[in-house]
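Reading through the structure tokens given below for one structure.
Chains as they are written, first to last, in UniProt numbering: chain E, 1 to 721; chain P, 1 to 721.
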């Protein structure tokens, strides 16, 4: 077995113990963390040294002299009801004044907007006035019983990540780290100068671990110092009059405050992105990736590697975006919450390697007496393992206080096993690709840009309105299919690539994932209908292609064979309620869980095969359409049973039922991967119980017993169809 | 006790037995039914004689000579996909050809429309052609992979009610009754002539029971002879080129086929009515009520009474409409399914009396050996009784074969008890009004016109998408509150009447009941917000005021204190989840059932009192808003517990908690009504079990034990606040 591929956290005055753990886990790299530093002894060790680097914070001396270069954000005040024609709005009322201060430096009359939210009109500038002392706007002639808001530019004067740690860990009067905006002239110069100095001063560092670059994802706190708004994808904190001027220069028109405030939704990734937003994001990416390159060039000149942390100030880097290659990064490291986040890291193109930071973090919230952190470690590993078997990260690691973890011998043992298993995967795969029986494309407004990032509010966190869709990604992350993310624009501009077997459109009506109004554009339904009629496979989950238009809610209802009752066609008899006795899709699946599901979906006619019907609703259906096939699923929270349901649906929709058996475990708790280029297979048991299973390799079947969580590698002596 | 108020069905050769039942039930009237006739002996009895009269059917000899005067309807073909540019649509494919034939008499090029349902455009007439032999339309240059429909005029050649009975009862080759359209010249003349003759020929008839007039509610059958579309409120079958010409003459523009076809929804009562539809309905009512008057004048001239059956060809009569008085009806009779349908009959203004036909109908489907029809009779009675106690019908009756019912002595006994209890109500009430502690208005697009007719597809039938709203009406039907139905137009034109204490807006988003796009009209929210701020009570049920606009889904969210998460604000933290410990609204209510409920409703801030929170959702909440109060309820299927919940919500919203105790049973299975003008009260037990309860009369409380279904009358010796 090989050595390495593992990064451990280091801390001061813990050299011998650290080296013992390193040997135990066969680690070949060490990193500092929030709250830990590497001392000289560690830096002199044979381990590769990572050092976190924060380009845009922790330099208060500099930024205090240029507070107009703090990052900015458009905020919307609370909605305030006019009960008299003179209405005063205290627009900072619901914001944390330690994080945010209004920008009075750039002309509010130019950059701010006061909006009547009852009728959507903008209040003319001459009808409102600003009191900078009281942070109030007063409207002189408000319409009675209308609600008004103020959209204003604010400076972010406390780095949100440091603020979060500061407040969470009660750091008291520790000085707040003030962030700065790399686009602004002094900051730009300062960042480059500081980087150069730091590289000179730190010759022993091998890897500069950027944590991260310039623009924080949107994280706004309320008047109580609690999280008010969080959007891991949000570009909100990248705005500034300077950026807006760039926009105007490039595109020939100016963006409005409302383009950012977006009725208070702040362009959440669930919102259908406006044309202006897409242009703005492009502009930010162009700037960010260009400036990242200035830094990575310096790093490379100094003989080090440049690694980016996928999070915090990652906005504008968009590792799947069209400018990403320009950054010339050596590596990306990110936190692994599950299979989806694993793939989000491991599939990133244009880097030499990727690394996953596994859970748990070595912090007292998990590592306390009486708790067994090895359980979380094992669960995290097994959830990620099936994704690694499809598309491996090159390295793995942990973070936090090693001295704390070291007090839990069972945990140290477990991680030793996990790291060994991880290296074993690489030893077996030898850099070859896992077998994929078909190619599926997830179709939404974001497409490739947000590969493995759909249905996400904040990284691997549960969300009631998203988990029934997120399960699709989690299922796919470890499935023997190739996955790609395509946008409606891709389809409209270039049609559907012939390599695609199945397209999935999933999401709640009106969201960027389902598509919203774009479905009333003729071309999109035309293309998809033609494609399915000609043999393509289509899977709709939840409210696919949903918009009320011309008597349908699902605009692809005719090919999906189902539509959602909106209350308008209650007078029409719905006759089709009989479930098919047996079907390829449901074979071997014992129970169904459609999560939050969708109410009142009905089958259009007898050509729709109903596979699950309960509560007077269709939750699962299939249909032959011309030469193609479609499947409808009401919701797909992640479970191994649902992963199986989706896999069978995909192979069915693709007319590739035979191909599914190239590495197929009959027991749904187990999964099989094939590596044709090295003639190997791997069977994993995803459960914490012993499992028996029959595994198919094409026509051949083997019987296996797997211990809890076990993975078994073997040599294939059978060909793959 | 008094005698009478009861109508029984009669049949031939059953005189003595009939008269025995009549005496037993103290009946004072007798009627014929579908399938029964009264013989001379019965007609000579002391009983009042009702005779069913069908003005527009059962006259095949006449109509066969004028088949172009059959009623007509606009139908939409199935949606047909164009896979080649030449597309043929067999537009009759999904229709029952024994009921419907295309109207080729009036120019299809003028009256029909071919529509591209994928983009919503109308295909120019020159691009489609008609094959009358094959009932096909061929489009010459269809857009590939677009769906097309044909909207065509069809004659209704089989009376839908007779058709239903014919098919249901397997009447084989019995001649089909062909309906005719009273607007057409020959039919008009024929109807009047026939009526005159019939009145002359039937001097012994006391009451002409019109069953009914001219236009059947929409009832369309499919190619298999099964119901395809049913809308008890639909004006679809009132159309004809003659009616369309009247429309054009009156309003100065022509209606299109699509005004009727409505994307295939056919202007269901759940659809927000278009301005043209409202005008058209007005036109039909104007004609229908005028022509009804011609008939009732003839009836009155002959010394008889004119009674209308509320159903079948009732379209255009609209007993709550502005032309209804013109009909000069003596009475309306309708089928009683529950409290709501009872009130729909009993509240009809401008008639001398109303009559309810109770269940079960004396037919073999209920009256068969081994079944106990008295159970259904009792259940039907008790469900209606609480509504009768608020607003009584003057008469009750039954229908079907009396000789069949006569074989079930327990049933005969039960009806004897029911009829006696019914007369007792009248004896006690003496025509006075029941006490109402407040006035509630149901606000929707239909308003007064559809009094007690909201949330209904077909009369008292269960509907998954409606029952969680229909329960509001059913609860109110027997509640000690005054109920009125108002429309958005009323509010926009006249504001809110000062007699109203509470307004309810309820329904699914986008429907005529919730309101749809009208909520993006500023004035409506302004008026309601002002009204609540000034002390009004507002209750929202389900998706009140829902339309996506300016960052809200519920446009009244700010006053309701809750909004529905649409997936756009997932990034905003929702902190308010704590239920209030105790609240007036939930006092004494032990469990909650919100029916189909609404997912993902959340409280806006701490000013919203959350009364029920589960599944990460608010289902019940209250809020003080200025001088007013609001309540949100996620759904309200009918149950005695929910009736209580609504009652408490109403009295809370109205700030009339004290007034609620004027006739209030602590046990929710019992209800109390007060009759101040005659100083009486009535306490009913709605359950089939003995109940103990404390009943409040203002400050005074009495303890009572009630037997199953019992009602107890007493004299009040206490005043009412």
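No residue lacks a Cβ here, since even glycine has one placed at the ideal position from N, Cα and C.
Residue environment: residue 352 of chain E is assigned as exposed (fewer than 16 neighbouring CB atoms within 10 Å of its CB, all protein chains considered). Residue 181 of chain E is positioned such that its CB atom lies closer than 9 Å to that of residue 56 of chain E. If you draw a 10 Å sphere on the C-beta of residue 603 of chain E, you find 16 or more other C-beta atoms in it, and that means buried.
Within 10 angstroms of the beta-carbon of residue 690 of chain E lie fewer than 16 other beta-carbons, which makes it exposed. Annotation for residue 102 of chain P: the continuous beta strand (DSSP E) segment containing it runs 100-102. Among the residues of the region 525-547 of chain E, those with a Cβ less than 7 Å away from any Cβ of chain P are 525, 526, 529, 530, 533, in the order of the chain.
Per the Cβ contact rule, the region 4-20 of chain P is not in contact with the region 695-713 of chain E (fewer than 3 Cβ pairs under 8 Å). Fewer than three Cβ pairs drawn from the region 455-466 of chain E and the region 401-421 of chain E lie within less than 8 Å of each other, which leaves the two stretches out of contact.
Rounded to the nearest angstrom, the Cβ distance from residue 709 of chain E to residue 688 of chain E is 7 Å, consistent with a contact under 8 Å. Secondary structure of residue 514 of chain E (DSSP, three-state): coil. Among the bridge pairs identified by DSSP, residue 144 of chain E is matched with none. Secondary structure remark: continuous alpha helix (DSSP H) runs of at least 4 residues inside the region 460-536 of chain P, in chain order: 467-477, 488-494, 522-533.
DSSP places residue 339 of chain P in the uninterrupted alpha helix (DSSP H) bounded by 339-346.
Within the region 229-257 of chain E, the complete alpha helix (DSSP H) segments at least 4 residues long are 241-251, listed from N- to C-terminus. Secondary structure at residue 186 of chain P: helix, using DSSP grouped into helix, strand and coil. Across the region 553-565 of chain E, CB contacts with chain P closer than 7 Å involve 558, 565, in sequence order along the chain. Interface flag for residue 599 of chain E against chain P is set, since a Cβ pair is found closer than 9 Å. Taking the CA atoms as reference points, residue 579 of chain E sits about 11 Å from residue 619 of chain E.
At a cut-off of 9 Å between beta-carbon atoms, residue 200 of chain P makes no contact with chain E. The region 272-282 of chain P and the region 249-259 of chain P touch, with three or more beta-carbon pairs separated by less than 8 Å. Shown here, residue 603 of chain E sits in a strand according to DSSP, grouped into three states. Here the region 469-476 of chain P makes contact with the region 643-653 of chain P; the two share three or more CB pairs at distances below 8 Å.
Counting the other CB atoms within 10 Å of its CB gives residue 432 of chain P a total below 16, which places it among the exposed residues. Judged by beta-carbon spacing, residue 82 of chain E lies beyond the 9 Å limit of residue 176 of chain E, meaning their Cβ atoms are not closer than that value. Residue 503 of chain E is not a Cβ neighbour of residue 557 of chain E, given a cutoff of 9 Å. In this structure the region 396-403 of chain E lies against the region 362-378 of chain E, because at least three pairs of beta carbons, one per stretch, are closer than 8 Å. Following the DSSP letters along the chain, one finds residue 612 of chain P inside the beta strand (DSSP E) bounded by residues 608-614.
Distances from the CA of residue 686 of chain P to each of P/98, P/380, P/568 were compared; the closest alpha carbon is that of P/380. In this model, residue 110 of chain E and residue 27 of chain E are separated by some 56 Å (Cα to Cα). By the criterion of a C-beta distance shorter than 7 Å, residue 211 of chain P is surrounded in its chain by 52, 53, 54, 309, 312, once the five residues flanking it on both sides are discounted. E/542 is the residue among E/542, E/654, E/610 whose C-alpha sits nearest the C-alpha of residue 599 of chain E.
The Cβ atoms of residue 560 of chain E and residue 512 of chain E lie no closer than 9 Å to each other.
It is roughly 28 Å from the alpha-carbon of residue 260 of chain E to the alpha-carbon of residue 190 of chain E. Under the Cβ distance rule, residue 573 of chain E counts among the residues neighbouring chain P, one pair being separated by less than 9 Å. Going by DSSP, residue 300 of chain P is part of the alpha helix (DSSP H) stretching over 275-301. Separation of residue 640 of chain E and residue 698 of chain E (C-alpha to C-alpha, rounded to the nearest whole angstrom) is 22 Å.
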